[in-house]
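Below is one structure, written out as structure tokens, with a few remarks after it.
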Amino acid sequence: MIKVSIRDITFKGKEIDQIVPKEAIGLTDEEIDLRSPLTVHAYLAKVDNVIVAQARVEAEYGYSCARCLENFQRPQVMEYHFDFPLEPDAEYVDLGEEIRQEMIMSNPARILCKDDCKGICVQCGANLNTEKCKCK
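For the record, in the sequence shown the residue sitting at position 69 is 87 according to the numbering used here, with numbers rising by one throughout.
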């Protein structure tokens with residue numbers, strides 16, 4: 019969880035900087051393969067009856083290439099905007115759940131290790147990025 023007390027958020031705003039393990043926002047390896055903790059920088063402010071939040075999240079992701087199937091890592095920087103309607107009995111806002119949902123929704127289903135990835139040979143299975151095809 020990334021909880022921020024509503025009392026600490028004024029119309030002038032509040033900044034937070036946190037390094038957060040993925041487990042703290044409920045992410046599992048099945049959802050996203052993170053290779054580093056999340057670095058979260060957020061600015062929150064009260065605007066009328068809403069808390070407006072801008073968040074920048076950085077993390078190292080692990081992927082498997084959609085063409086050659088090699089595992090690789092890539093840093094990602096995500097920018098998010100959230101609006102939290104003020105509830106009369108609310109004591110805090112939890113950025114963690116909102117960030118978790120956005121990370122899952124924006125995680126690509128297919129990604130390449132590099133733009134010019136040659137993939138694997140469909141006949142012999144050779145990784146064409148690192149070796150010549152064995153069946154030619």
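Note that beta-carbon positions come from the ideal geometry of N, C-alpha and C, so glycine has one too.
- Rounded to the nearest whole angstrom, the C-alpha separation of I138 and E120 is 32 Å.
- Sixteen is the threshold: when 16 or more other Cβ atoms of the shown chains lie within 10 Å of the Cβ of R118, as they do, the residue is buried.
- In this structure, V68 sits away from P106, with a CB-CB distance that is not shorter than 8 Å.
- For I122 against I50, the beta-carbon gap comes to about 7 Å, under 8 Å, which counts as contact.
- Uninterrupted beta strand (DSSP E) stretches at least 3 residues long and entirely within the segment 34-94 occur at 56-65 and 68-82, given in chain order.
- With contacts defined as CB atoms closer than 8 Å, V70 and V58 fail to qualify as a contacting pair.
- D133 and E88 have their alpha carbons spaced roughly 14 Å apart.
- Inter-residue distance for V111 and I20 is about 8 Å (C-alpha atoms, whole angstroms).
- With distances taken between CA atoms, D26 lies nearest to Y61 out of Y61, I43 and L56.
- Secondary structure note for G143: it is in no alpha helix (DSSP H), with a DSSP letter that is neither H nor E.
- Under the DSSP assignment, D112 falls in the beta strand (DSSP E) whose first and last residues are Y110 to D112.
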